[in-house]
Each structure stands twice: as C-alpha cells, then as structure tokens.
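Everything on this sheet refers to the single structure shown next.
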Amino acid sequence: MNRQLLLLKIEWFKLNRVNTLIWFGLFALLVSLLAYLTGMNTVLITDPFEKQKALFESFLAVSFGLSDLFMIVMVIILSTREYAHNVGRKKLINGYSREELFESHILFLMLFSFIVIALLLISWLVFSALLQQWPINKGMLTLASRLPLLWPYLFSHGLYALLIAVLVRKTGIAILLYIALRIGESILYLANDFFRQKYEWPIVADDVLPATFAKRMVSETTLFTEWQGLLSFVLINLVLFAVIYMRVKKSDF
Amino acid sequence: MNEFILETKDLGKSYGSQPALQALSWKVSPGTVWGVVGPNGSGKSTLFSLLLGLKSQDTGQAWVMGSPAKELEKGKVGAIMDEGSFYHDSSARYNLRISALIKQVNKERVEELLTKLGLDQTGEKAFSKFSYGMRKRLEVADALLTDPDLYIMDEPINGLDPEGIRFVRDLISQLHARGKTVLVSGHYLDELEKVCTHYLVLSKGREVFQGSKDEMEAKHGKLENLFGGGLKL
Numbered sequence: 001m002n003r004q005l006l007l008l009k010i011e012w013f014k015l016n017r018v019n020t021l022i023w024f025g026l027f028a029l030l031v032s033l034l035a036y037l038t039g040m041n042t043v044l045i046t047d048p049f050e051k052q053k054a055l056f057e058s059f060l061a062v063s064f065g066l067s068d069l070f071m072i073v074m075v076i077i078l079s080t081r082e083y084a085h086n087v088g089r090k091k092l093i094n095g096y097s098r099e100e101l102f103e104s105h106i107l108f109l110m111l112f113s114f115i116v117i118a119l120l121l122i123s124w125l126v127f128s129a130l131l132q133q134w135p136i137n138k139g140m141l142t143l144a145s146r147l148p149l150l151w152p153y154l155f156s157h158g159l160y161a162l163l164i165a166v167l168v169r170k171t172g173i174a175i176l177l178y179i180a181l182r183i184g185e186s187i188l189y190l191a192n193d194f195f196r197q198k199y200e201w202p203i204v205a206d207d208v209l210p211a212t213f214a215k216r217m218v219s220e221t222t223l224f225t226e227w228q229g230l231l232s233f234v235l236i237n238l239v240l241f242a243v244i245y246m247r248v249k250k251s252d253f
Numbered sequence: 254m255n256e257f258i259l260e261t262k263d264l265g266k267s268y269g270s271q272p273a274l275q276a277l278s279w280k281v282s283p284g285t286v287w288g289v290v291g292p293n294g295s296g297k298s299t300l301f302s303l304l305l306g307l308k309s310q311d312t313g314q315a316w317v318m319g320s321p322a323k324e325l326e327k328g329k330v331g332a333i334m335d336e337g338s339f340y341h342d343s344s345a346r347y348n349l350r351i352s353a354l355i356k357q358v359n360k361e362r363v364e365e366l367l368t369k370l371g372l373d374q375t376g377e378k379a380f381s382k383f384s385y386g387m388r389k390r391l392e393v394a395d396a397l398l399t400d401p402d403l404y405i406m407d408e409p410i411n412g413l414d415p416e417g418i419r420f421v422r423d424l425i426s427q428l429h430a431r432g433k434t435v436l437v438s439g440h441y442l443d444e445l446e447k448v449c450t451h452y453l454v455l456s457k458g459r460e461v462f463q464g465s466k467d468e469m470e471a472k473h474g475k476l477e478n479l480f481g482g483g484l485k486l
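Chains as they are written, first to last, in this note's numbering: chain A, 1 to 253; chain B, 254 to 486.
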C-alpha cells in the first residue's frame with residue numbers, strides 16, 4: 001500500500017472511534033442550533049436572495065468561532081495524547097520513521113480540517129433548509145460553495161496548534177499557550193488597525209493575521225487582497241511546517 | 254545474512270555533561286539470549302533506546318539486522334518496554350489494531366494474539382484500567398505481531414507477581430527455543446540466570462563484562478559477584 005495512504009488509513013482509524021464521532025456530531029448539532037437561533041432574526045427580510053445572504057452571514061459568524069475552537073482543542077488533545085502516552089515512541093519502535101511521524105501529524109490535521117468543513121457544509125444545508133423551504137435550492141448551494149474557502153484558515157490555525165502541541169507535549173499547557181497566542185493576535189489586530197489609520201500601514205497585514213482575514217471571509221469571496229498577502233501567508237505556513245518537522249526529526253523519544 | 258543480528262561500535266550517549274553510555278562495542282549472534290545487567294543509571298535503558306532508534310547517539314554506530322538503528326524496517330524488532338506505550342483511554346483490541354496497521358499485519362493475527370494472551374475477554378475496557386500484568390501481556394502481544402527475529406525487553410518482570418514473572422520467563426525460553434534473539438535487562442539476577450545464554454554487564458555507562466554464561470561463571474562465578482554492596486549488620 002502507498003505509504004501516505006497507509007498513514008492516512010491509520011489516522012482515519014484513530015479518528016473513526018465512537019467518542020470522536022460523538023464529538024463531531026455534537027459539534028455539527030451545536031453549529032446548526034446556534035446558527036438557527038441567530039438566523040431567526042432574518043424572518044422579516046422578504047427578498048429571498050437578501051434573506052439567504054443574511055442567513056449565510058449569521059451562519060458564518062457562528063461557525064467561524066465554533067469550528068476554530070473545536071479544531072484547535074481537538075488537534076491539541078489528540079496530538080499531545082500521542083506524547084503523553086508515549087504512543088509516538090511506540091510508533092517508532094514499530095517501524096515509523098521520524099518523517100512518517102511528521103507526515104502523520106500533517107495528514108491528521110488535513111483530514112480533521114476537511115471533516116470540519118464537510119460538517120459545516122452539512123450543517124449549513126440543514127440549517128438553511130430549516131429556515132427556508134425544502135428542497136435545497138440553487139442559492140443555498142451557491143453560498144455553500146464558499147465554505148471550503150474556510151479551509152486554509154482552519155489548516156493554518158491548526159498548524160499553530162500542532163506546533164504548540166509538539167513543542168510542549170502537555171495538553172493543558174498547550175491549550176493555555178494557544179489562548180495566549182490568540183490574545184497576542186488580537187493585540188496585533190488592534191495595533192494593525194491603529195497603525196493603518198495613523199501611518200497608512202499596508203493592507204497586506206490583513207492577509208497575514210488570521211483573525212482579520214477570517215472576518216473578511218464573511219463578506220468577501222476572496223481571501224487575499226494583494227499578492228504580497230498570499231505570499232506572506234504561504235511563507236508563514238512554510239515556517240510552521242519547518243519548525244514542526246525539525247522538532248519531530250530532532251526529538252529523542 | 255549477517256553474522257551478527259546486532260552490532261554496536263564505540264556507541265556513546267550523554268545527557269548534558271553526564272555520560273549515560275560510553276564507547277560500547279558489542280556483537281550479538283542470532284539465537285542468543287543476552288542479559289543486560291547493571292545498577293540503576295548504568296545505561297541499560299539508554300542502550301535499548303539507541304538500538305530502537307528512539308534516541309540519537311553522540312558517538313559511534315549501531316546496526317540492527319544490517320541497517321542503522323534509526324532506519325529499522327517496520328515490525329523487524331519486537332520490544333517490551335518498561336512503560337506501557339498505548340492509548341490509555343482505549344481497549345487492548347484498538348491499541349493492537351493500530352500497531353497491526355503500522356506493521357501491516359492482518360486482523361486475524363490480532364485476534365489470535367488477543368486470545369493466546371488471554372486479552373480477548375477484556376472487551377472495551379480501557380488500557381488505563383488494566384492490571385500491571387495485563388499491560389505487560391498487551392506489550393507482549395504487540396511485540397509478537399510480526400513474529401520478529403529480535404526482541405528487546407527492558408526490565409520486563411518489574412512489578413509483576415510470581416505468575417507474571419513465570420509468564421515472561423516461559424516467553425523468553427520459548428522464543429529462544431524457536432531460534433529468536435532476545436536482549437533482556439533487569440535487576441532480578443536469579444531470574445536472568447535461568448534464561449540467558451550471554452551477559453552484558455554495565456556500570457556507569459561503561460562495559461564491565463560481556464560474554465557467554467560459561468565465560469562469566471569461569472571468570473566471576475555467579476552473576477551477583479560482579480556487584481558489591483553486601484550488607485553487614
């Protein structure tokens with residue numbers, strides 16, 4: 001069997017457990033429910049297209065926060081679990097190379113973020129069908145096609161979480177550090193706004209700060225305003241990849 | 254086939270300024286059972302970690318079955334380590350299935366070993382709820398999955414009751430009878446004397462003795478004579 005396929009199969013086997021499936025289900029249910037509650041206030045909008053747009057925005061507002069939080073907590077718990085129980089060590093004994101250990105971390109993150117996007121798509125379809133008429137119409141599907149644009153955002157944030165998880169290897173400390181990182185990011189976000197207004201700070205900064213481009217995602221279909229933004233985003237993620245790789249490659253188990 | 258199943262040359266490892274293993278040159282022939290003996294901190298676990306590719310050596314080389322230790326093929330070595338390296342919240346079957354996927358072993362082998370080692374009735378019971386003896390049995394099942402030619406056992410009888418100790422002793426004897434090579438460390442010298450054909454004795458990371466059981470007896474008498482610290486009241 002192809003090496004990556006085997007790694008993916010192992011990661012899927014790890015996720016495909018009753019407990020994890022329950023968490024996935026609860027997540028989708030929570031997103032649908034909260035989105036339904038926040039979408040109730042759009043009942044007065046009579047124009048069908050405007051109503052759909054308003055519903056989508058309220059859905060995204062809920063799903064952004066939840067999917068991010070859900071992703072991060074699960075990535076940290078499931079990644080640090082590998083170290084807390086010495087399972088990474090067992091995998092090396094069983095013949096994993098350190099490269100495969102790194103690849104399995106990345107494949108797990110990709111798999112997890114794809115599942116979250118799939119759950120959001122399902123939640124959106126269920127939620128909008130509940131608030132509008134059945135069957136699913138073209139407008140709902142068109143709006144749903146924008147949801148996969150969330151993936152780079154989720155994956156990038158997942159990389160931050162994975163980096164912290166492989167660095168500290170302790171669940172509680174990793175979650176606390178991640179919270180500290182998000183607070184730092186919010187401060188940067190505010191500073192970015194301040195400096196842009198005062199000193200005409202370039203708009204590229206919006207593409208680098210996940211919080212900013214996430215916000216823009218709600219109202220726009222494109223993620224990056226300038227090519228420099230895309231380049232910065234790619235470079236930051238490459239650095240994250242490299243640091244995670246070096247940590248796994250150089251570690252003693 | 255190589256003459257030696259395992260070989261080290263000037264193998265060394267330090268933790269900071271503290272040497273854990275110093276310039277060990279060692280050759281292990283197939284079908285032998287080596288007792289790796291020494292006081293706490295003598296370098297036994299460090300040696301096993303280096304042979305399993307878990308740590309990087311500072312000096313020298315280690316080859317296992319002709320490959321550098323860090324490039325071992327999947328399932329070539331069966332290891333029983335002191336701490337249970339399994340998902341603590343998951344069952345024996347689930348944990349063994351993960352190992353079987355990595356080693357590319359079929360489900361039937363997993364079920365066969367669970368039955369043979371008396372773990373088939375544990376159902377969904379989590380590893381963290383297992384007794385020490387059951388944990389060790391799961392480690393053994395994991396090591397046996399691919400029926401490898403080399404086994405590394407780090408203090409396998411620590412904490413076991415008499416039944417568990419006998420289980421491990423029988424396991425080593427049966428593996429030896431089948432021509433497998435076993436490296437086993439421990440502090441229970443009389444137990445090691447029952448199963449080992451060769452000894453490697455370490456102290457403060459240095460080799461004190463290596464050779465066959467006959468050579469040991471000719472030179473030092475009993476294994477315990479190599480260790481001081483007799484008590485006088």
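Every residue, glycine too, gets a C-beta built ideally from N, C-alpha and C.
Given the structure is predicted, the values throughout are model-derived calculations rather than measurements.
- Of all residues in the stretch 99 to 121 of chain A, none has a C-beta nearer than 7 angstroms to a C-beta of chain B.
- DSSP places residue 460 of chain B inside the beta strand (DSSP E), whose first and last residues are 459 to 465.
- Under the Cβ criterion of 7 angstroms, residue 432 of chain B is not counted among the residues facing chain A.
- One alpha carbon belongs to residue 435 of chain B, the other to residue 238 of chain A, and they sit about 44 angstroms apart.
- Taking a Cβ-Cβ cut-off of 9 angstroms, the neighbours of residue 309 of chain B in chain A comprise 250 and 252, given in sequence order.
- For residue 87 of chain A, the neighbours in chain B by C-beta distance under 9 angstroms run, in chain order, 338, 339, 340, 348 and 351.
- Counting every other CB atom within 10 Å of its CB across the protein chains shown gives residue 430 of chain B a total below 16, marking it as exposed.
- CA-CA distance, residue 299 of chain B to residue 305 of chain B, rounds to 10 angstroms.
- Not a single C-beta of chain A is nearer than 7 angstroms to the C-beta of residue 273 of chain B.
- At a cut-off of 7 angstroms between beta-carbon atoms, residue 305 of chain B makes contact with chain A.
- Among the CB atoms of chain B, none fall inside 7 angstroms of the CB of residue 16 of chain A.
- Any Cβ of chain B closer than 7 angstroms to the Cβ of residue 94 of chain A would place that residue at the interface, and such an atom is present.
- Taking the Cβ atoms as the reference, residue 301 of chain B lies roughly 5 angstroms from residue 407 of chain B, within the contact range of under 8 angstroms.
- With fewer than 16 neighbouring CB atoms inside 10 Å of its own CB, residue 468 of chain B falls in the exposed class.
- Secondary structure at residue 232 of chain A: helix, using DSSP grouped into helix, strand and coil.
- Between the stretch 83 to 94 of chain A and the stretch 181 to 196 of chain A, the count of Cβ pairs shorter than 8 angstroms is below three; the stretches do not touch.
- The stretch 12 to 41 of chain A is shown to contain whole alpha helix (DSSP H) runs of 4 or more residues at 18 to 39, in chain order.
- At least one CB of chain A lies nearer than 7 angstroms to the CB of residue 332 of chain B.
- Annotation for residue 356 of chain B: 327, 328, 398 and 399 place their beta carbon closer than 6 angstroms to its own, counting only its chain and skipping 5 residues before and after.
- As the crow flies, the alpha-carbon of residue 392 of chain B is around 53 angstroms from that of residue 39 of chain A.
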